[in-house]
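Visitor: Numbering (the numbering used here), first residue to last: 639 to 810. By construction, the Cβ of each residue, glycine as well, lies at the ideal position given by its N, Cα and C atoms.
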Amino acid sequence: IGSFGHWPARIAEATPSERTVAYLDPEGVFELKRPINWIPRVTRQKGGLQYHFVPKRSIQLGGEARALLFVQYFALPPATLGETVRDLSDRMLAADPALEVVSQSETTVDGLPALQVEYRRRAEGDGEAVQERVTYFRKGPRVFLLMAAAPVSLRETHEEAFEKMTASFRVR
Numbered sequence: 639i640g641s642f643g644h645w646p647a648r649i650a651e652a653t654p655s656e657r658t659v660a661y662l663d664p665e666g667v668f669e670l671k672r673p674i675n676w677i678p679r680v681t682r683q684k685g686g687l688q689y690h691f692v693p694k695r696s697i698q699l700g701g702e703a704r705a706l707l708f709v710q711y712f713a714l715p716p717a718t719l720g721e722t723v724r725d726l727s728d729r730m731l732a733a734d735p736a737l738e739v740v741s742q743s744e745t746t747v748d749g750l751p752a753l754q755v756e757y758r759r760r761a762e763g764d765g766e767a768v769q770e771r772v773t774y775f776r777k778g779p780r781v782f783l784l785m786a787a788a789p790v791s792l793r794e795t796h797e798e799a800f801e802k803m804t805a806s807f808r809v810r
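#1: Here's a check: name, in chain order, each residue in its chain whose Cβ is nearer than 6 Å to the Cβ of residue 801, leaving out the five neighbours to either side.
#2: Exposed or buried, which one is residue 662 when buried takes at least 16 other CB atoms within 10 Å?
#3: With DSSP run on the structure shown, which of helix, strand or coil describes residue 807?
#4: Thinking C-alpha only, which one of 727, 694 and 775 is nearest residue 756?
#5: For residue 743, which residues of its own chain have a beta-carbon under 7 Å away from its beta-carbon, when the five flanking residues on both sides are left out?
#6: Is it a yes or a no for the segment 763-776 touching the segment 785-798, going by three-plus beta-carbon pairs under 8 Å?
#7: Report the three-state DSSP secondary structure of residue 842 (helix, strand or coil).
#8: Could you pull out every residue in the same chain whose Cβ sits closer than 8 Å to the Cβ of residue 717, ignoring the five residues on either side in sequence?
#9: Please state whether DSSP places residue 741 in a helix, a strand or coil.
#10: Going by DSSP in three states, residue 667 sits in which element: helix, strand or coil?
#11: Put residue 582 into one of helix, strand or coil per three-state DSSP.
#12: Return the first residue and the last residue of the beta strand (DSSP E) that residue 588 is part of.
#13: Using the three-state DSSP reduction, which class does residue 653 fall into: helix, strand or coil?
#14: Hey, could you find the ends of the beta strand (DSSP E) residue 677 is sitting in?
#15: Excluding the five sequence neighbours on either side, which residues of its own chain have a C-beta within less than 8 Å of the C-beta of residue 694, listed in chain order?
Structure, rendered in structure tokens:
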């Protein structure tokens, strides 16, 4: 939901474009391909940069994106990937009581072992349930987190774009 003047306006989430464009992060740590009609929003937070890849139209209209790919990386002490994911997942679940784990599976990103955890955020009020697929992997001291999130009603139309962005992710 966004507003235009005094009238509330629902933000239409554009279906991700088939055409993609390369994105190289400002720190030179990773690159990926994103739909051409999605734009990166980079913010500096405590602990590093956060990257939100969101539909262009939602930003132009001043609304919050309902579908996005979120990327973050940070340094953590050495641990197995399973231990790291368990710790990060436990923190997410503790911070958000509406969040629950649906499934977990093994995969790879850029040839590196990765764990994918599928979360579901229960609908609250007039809102809609949100599916979040978080892919965790580690390269050296850095842990990467890629979160593809969308309301259940948009998940199917955005799934292919999420998969393509994750598959195109490369650590430099």
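Guide: Reading off the structure:
#1: Numbered from 1 along the sequence shown, position 163 holds the residue referred to as residue 801. Here the set comprises nothing.
#2: For this step, residue 662 is matched to residue 24 along the sequence shown. So residue 662 counts as exposed.
#3: As a working note, residue 807 is residue 169 in the sequence shown. It is coil, neither helix nor strand.
#4: Within the sequence shown, numbered from 1, the residue matching residue 756 stands at position 118. The candidate whose alpha carbon is nearest that of residue 756 is 727.
#5: Counting from one through the sequence shown, the residue named residue 743 turns up at place 105. Closer than 7 Å at Cβ, skipping near neighbours: 754.
#6: yes
#7: Residue 842 lies beyond the range of the chain shown here (639 to 810); nothing can be said about it.
#8: Sequence index remark: in the sequence shown, residue 717 carries index 79 (1-based). Hits under 8 Å: 725.
#9: Position 103 of the sequence shown holds residue 741. In this structure, residue 741 counts as strand in the three-state DSSP scheme.
#10: Locating residue 667 in the sequence shown gives position 29, where the first residue counts as 1. Three-state DSSP puts residue 667 in coil, outside helix and strand.
#11: What is shown of the chain runs 639 to 810, which leaves residue 582 out entirely.
#12: Limits of the chain in this structure are 639 at one end and 810 at the other, which puts residue 588 out of reach.
#13: For the purposes of this step, residue 653 is identified with residue 15 of the sequence shown, where counting begins at 1. Residue 653 falls in the coil class under three-state DSSP.
#14: Indexing the sequence shown from 1 puts residue 677 at position 39. Where residue 677 is concerned, the enclosing beta strand (DSSP E) stretches over 676-683.
#15: In the sequence shown, counting from the first residue as 1, residue 694 sits at position 56. Cβ neighbours of residue 694 beyond the five flanking positions: 652, 675, 676 and 677.
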